[in-house]
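One structure is given below, encoded as C-alpha cells.
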Amino acid sequence: MGVSRLSKIARRDFINGTLMAAGASMLPFNSTSQAVMAALKPEYYPPAFTGLRGSHPGSNEHAHSQALTKKTDWGPTTDLKEEYDLVVVGGGLSGLSAAYFYQQEHGRDKKVLILDNHDDFGGHAKRNEHTIDGDTLLGEGGSESFEYPHEFSKIVLNLLNDLGVDMDRFKTAYDLTSSKGIT
Numbered sequence: 029m030g031v032s033r034l035s036k037i038a039r040r041d042f043i044n045g046t047l048m049a050a051g052a053s054m055l056p057f058n059s060t061s062q063a064v065m066a067a068l069k070p071e072y073y074p075p076a077f078t079g080l081r082g083s084h085p086g087s088n089e090h091a092h093s094q095a096l097t098k099k100t101d102w103g104p105t106t107d108l109k110e111e112y113d114l115v116v117v118g119g120g121l122s123g124l125s126a127a128y129f130y131q132q133e134h135g136r137d138k139k140v141l142i143l144d145n146h147d148d149f150g151g152h153a154k155r156n157e158h159t160i161d162g163d164t165l166l167g168e169g170g171s172e173s174f175e176y177p178h179e180f181s182k183i184v185l186n187l188l189n190d191l192g193v194d195m196d197r198f199k200t201a202y203d204l205t206s207s208k209g210i211t
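Residues 29 to 211 (our numbering) make up the sequence shown, in order.
Have a look at this one:
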C-alpha cells in the first residue's frame with residue numbers, strides 16, 4: 029500500500045477499522061488464522077520493527093508537569109482548518125468505545141479524532157511481548173479481565189456483537205482452569 033493510497037483513507041474508515049481490530053484483540057491468540065501466519069517468513073514480527081513501546085517511567089512526567097502549571101498562554105498555534113465533532117484523548121478500549129458509541133448515537137458521518145501517546149491503539153488491552161534467549165513470551169495486558177463474559181453488561185455484549193466477536197467461541201477458547209492450576 030503506497031503513500032498515495034494511504035492518503036485516500038477517510039478518517040471514518042480508519043476509525044471503523046480500528047474498532048474492528050479492537051474487537052479482534054479481545055480474541056485469544058490461538059484464534060488467529062494459522063494459514064496466514066504460515067505464509068509469512070519466520071522473521072516477520074511487526075513489534076520488532078518499532079522497538080520498545082508503552083508508557084515507560086518518564087514518558088509522561090513532562091506533559092503532566094506542564095499541565096500542572098495552570099498556564100493559559102502556550103504561544104502561537106497553527107490553524108489546521110480541520111474540524112471534528114468529537115476529540116477523544118486515549119486510544120484504549122474506553123477511547124475507542126467512546127468514538128464508536130458517539131457515532132452510533134449521532135451518525136456515522138460524524139468526524140472523530142482519537143489522540144494517543146502510543147504508536148498503536150488498544151491501551152492496556154493488548155499483548156505484552158518479550159523475547160528472552162530466542163523465545164517469545166506473551167503476557168496479557170488489561171485484557172486478562174475479559175475472562176468472565178457472562179458477567180459483561182448488556183452494553184458491552186451489544187458492542188462485542190456489533191464488532192463480530194463470537195461469544196460462543198470465546199467461552200471455549202479461553203482455558204481458565206489450567207491457568208489457575210486446576211486440571
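Using N, Cα and C, we set each Cβ at its ideal position, and we do this for glycine too.
Distance cut-off 7 angstroms: residue i Cβ against heavy atoms of the ligand ZN
i, result
"L124", "Of the ligands one can find in the structure shown there are none, so the ligand ZN has no counterpart to examine."
Bounding residues of the beta strand (DSSP E) (the contiguous stretch that carries residue i)
i, result
"V116", "L114 to V117"
"L143", "V140 to L143"
Helix, strand or coil at residue i [DSSP, three-state]
i, result
"N186", "helix"
"D196", "helix"
"S93", "helix"
"S181", "coil"
"E110", "coil"
"E71", "coil"
"L191", "helix"
Candidates the options: closest to residue i by CA position
i, options, result
"P70", "L108, F129, W102 and T164", "T164"
"L143", "A126, G86 and S181", "A126"
"D137", "D113, E157, L124 and S122", "D113"
"N88", "P177, D190, H146 and S181", "H146"
"E124", "P104, L96, L191 and E179", "The question names Glu, but residue 124 is Leu in the sequence shown. It is L191."
"D196", "N186, P177, L187 and I183", "P177"
Per DSSP, cross-strand counterpart(s) of residue i
i, result
"G150", "G120"
6 angstroms CB neighbourhood of residue i in its chain, flanking five on each side removed
i, result
"V115", "L141"
"V117", "L143"
"I160", "none"
"G30", "Residue confidence for G30 is low, a pLDDT of 48 falling below 50, so the modelled location carries little weight and cannot support an answer."
Chain-order list of residues whose beta-carbon lies under 8 angstroms from that of residue i (same chain, five-residue window excluded)
i, result
"K99", "none"
"E133", "none"
Cβ neighbours of residue i in the same chain (closer than 7 angstroms, five flanking residues each side left out)
i, result
"T60", "Because the pLDDT at T60 is just 48, under 50, the model does not fix this residue reliably, and the point stays unresolved."
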